[in-house]
Amino acid sequence: MTHPTARQQAVIDEPGNCLVVAGPGSGKTATMVKKIAKLLTNASSRIVAVTFTRDGANELMHRLRKAVPASALGRVTVGTFHSLTLRHMRANKMAYKLASPQQQREFLKRARMRFAQDVDPGEIQLAFESIKCTLDMDNHPSAQDLWFQAYQESLQRHHLIDLLDVMREAVKAFKTGKLPPLPCTHMVVDEAQDNDEIQAAWVAAHRVPLVTMVGDDDQTIFEWRRAIGFPGMLAFQRERN
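Sequential numbering of the sequence shown, starting at 2, is according to this note's numbering.
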């Protein structure tokens with residue numbers, strides 16, 4: 002971005018909570034970089050930037066290294082929801098023994114073969130993601146299905162927890178005070194339309210005074226895993242105004 006448009010500049014200059022809704026190629030990442038760089042000119046600012054994918058985190062950090070003085074980079078933390086959460090929990094001695102992706106697939110396959118052999122594996126995977134991405138998982142209509150209970154029992158038997166359950170446990174710990182919030186004055190959340198219930202609750206649980214949410218209301222590709230989509234972004238706007 003050589004010269005921001007008037008709307009991009011308004012986002013960069015906005016001192017309070019901010020919801021940015023824009024389509025592909027509109028310069029969302031470049032605007033985020035300039036906004037973070039401006040926030041960091043205040044020596045008391047500490048920024049947490051949350052991305053949906055590892056590639057997104059790497060790209061954002063790559064651009065920040067070019068735009069922000071090295072002396073200020075220590076006050077910005079960039080990562081995915083999962084990486085930030087795991088790192089923070091380990092730093093606060095709340096480490097879990099995580100199931101590997103291979104173990105998770107194997108446990109789910111065995112559960113399906115035992116209790117839902119006639120169900121298409123793709124349908125099981127969709128149901129699994131929907132259950133796991135629910136904040137109140139126990140009350141999900143499919144959480145009591147035998148195949149899902151068998152999967153959970155496999156985790157317990159091996160003294161493991163999967164990554165999706167770690168996120169839920171983190172939200173609970175934030176709310177009860179067992180886990181302190183990430184230390185920051187500002188939070189920037191990318192691809193906000195794809196945040197699921199747990200990730201939205203994760204952001205809210207930090208009680209950060211100033212949050213910038215960036216998303217594209219036409220690009221919600223994870224509705225099947227309870228992504229908040231545009232309604233969730235509007236809810237953020239209502240709650241933060």
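Cβ atoms here follow ideal geometry from the backbone N, Cα and C, with glycine treated the same way. These numbers were taken from a predicted model, which means no experiment stands behind them.
When the Cα atoms are used, R64 and H207 turn out to be separated by approximately 26 Å. Taking the Cβ atoms as the reference, M234 lies roughly 15 Å from A202, outside the contact range of under 8 Å. Counting along the chain, no beta strand (DSSP E) covers I229, and no H or E run does either. Judged by DSSP secondary structure, V34 falls within the alpha helix (DSSP H) whose first and last residues are K29 to L40. Per DSSP, G123 is one residue of the alpha helix (DSSP H) stretching across P122 to K133.
In the DSSP assignment, G216 falls within the beta strand (DSSP E) that extends over L211 to G216.
Taking N196 as the centre and dropping the five residues before and after it, the same chain places the C-beta of I229 closer than 6 Å to its C-beta, in chain order. Here the alpha carbon of A112 sits roughly 33 Å from the alpha carbon of L180. The residue from P184, I132 and Q145 with its alpha-carbon nearest to that of D166 is I132. 8 Å or more divides the Cβ of L20 from the Cβ of M188. Counted as a single uninterrupted DSSP element, the alpha helix (DSSP H) harbouring I13 occupies residues A7 to D14. In terms of Cα proximity to A23, the closest of P16, K35 and R8 is R8.
Secondary structure of M168 (DSSP, three-state): helix.
Of all C-beta pairs linking the stretch 42–53 to the stretch 75–82, three or more are shorter than 8 Å, placing the two stretches in contact.
Pairing T6 with A205, the inter-Cα distance amounts to about 30 Å. If you check the CB distance, T186 and S46 come in under 8 Å. One thing to note: L161 has its Cβ no nearer than 8 Å to the Cβ of F129. Taking all protein chains in view, the Cβ of L61 is crowded by 16 or more other Cβ atoms within 10 Å, so the residue is classified as buried. Per the C-alpha coordinates, the member of G28, H89, K29 and E107 positioned closest to Y152 is E107.
In the DSSP assignment, H187 falls within the beta strand (DSSP E) that extends over H187 to V190. In the structure shown, the three-state DSSP call for D197 is strand.
In this structure, the beta-carbon distance from H83 to M168 falls below 8 Å.
Rounded to whole angstroms, the separation of the alpha carbons of N18 and P70 is 25 Å.
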